[in-house]
Amino acid sequence: MKHQLDNAIKIIKENGYKYTKKREEILLFLIEENRYVGAIEVFDFMNKQYQGISYDTIYRNLRDFTKMDLLEETELMGEKKFRFHCDVSSSHDHNHHHHHFICTNCGWTKEINLCPMDFFSEQLPDCQIESHRFEILGKCQKCLKK
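Sequential numbering of the sequence shown, starting at 1, is according to full-length UniProt numbering.
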């Protein structure tokens, strides 16, 4: 966890942003949660420690972290959700191609190390695929037991 945080702080500085304790706290929260969370959850967590912090500040930091490729972003039931990027490593190299199962109830995620793009590439031989996202949505074991 410390390694992930240290690398994230290094990337923030490399992108011309200042290190702040609040940014560190946001990242640490997301690292520890290890699931997709909404900006309001991050806000609620941060507001307990920094009373009066602005929701806009939280959201702006989440967007900036996403642009720096520190966070992954998805949309669940009309709400943007964020999670600490699986592949933030010392080199910040995202060569580990994978997808996710996402619990629509709690946001828990599991990596899926299989990509269906080979099938689609064969179906689109005259096209250049530039990007793709593949997520499986459902309920995790924990939420199914409730």
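Just so you know, even glycine gets a beta-carbon here, dropped at the ideal spot from N, CA and C.
Expected contact under 8 Å - CB spacing of residue i and residue j to nearest Å
| i | j | result |
| --- | --- | --- |
| Thr104 | Lys146 | With 8 Å as the limit, Thr104 and Lys146 do not qualify as a contact, their Cβ atoms being about 13 Å apart. |
| Met68 | Ile31 | Incorrect: roughly 15 Å between the Cβ atoms, too far for contact. |
| Cys86 | His98 | 7 Å |
| Lys18 | Met46 | Rounded, the Cβ-Cβ distance is 17 Å, inconsistent with contact. |
| Gln112 | Ile129 | According to the sequence shown, residue 112 is Ile rather than Gln. Not confirmed; about 19 Å, so no contact. |
Pair within 8 Å by beta-carbon distance, residue i and residue j
| i | j | result |
| --- | --- | --- |
| residue 151 | Phe84 | There is no way to answer for residue 151, as the model of the chain reaches only from 1 to 146. |
| Ile11 | Glu24 | no |
| Glu73 | Thr66 | yes |
Residue nearest to residue i in terms of C-alpha spacing, selected from the options
| i | options | result |
| --- | --- | --- |
| Met117 | Arg23, Pro125 and Gln49 | Pro125 |
| Ile58 | Gln123, Ala39, Tyr50 and Glu72 | Ala39 |
| Gln4 | Asn34, Lys18, Asn15 and Thr20 | Asn34 |
| Lys142 | Phe134, Ile102 and His132 | Ile102 |
| Thr109 | Lys81, Ile129 and Asp44 | Lys81 |
| Asp56 | Leu76, His132 and Val42 | Val42 |
| Met77 | Thr66, His132, Phe29 and Val37 | Val37 |
| Arg133 | Leu144, Leu114 and Ile26 | Leu114 |
Three-state secondary structure (DSSP) of residue i
| i | result |
| --- | --- |
| Asp126 | coil |
| Cys143 | helix |
| Phe82 | strand |
| His94 | Low local confidence applies: a pLDDT of 48 at His94 is under 50, so the model's placement there is unreliable, with the coordinate-based value given in what follows. In this structure, His94 counts as coil in the three-state DSSP scheme. |
| Arg133 | coil |
| Leu70 | coil |
| Lys18 | coil |
| Ser89 | Legend: pLDDT at Ser89 = 46, less than 50; position of this residue unreliable, no value from coordinates given. |
| Ile104 | Ile is not the amino acid found at residue 104; the sequence shown has Thr there. Correct three-state label for Thr104: coil. |
| Ile31 | helix |
| Leu76 | strand |
| Ile53 | coil |
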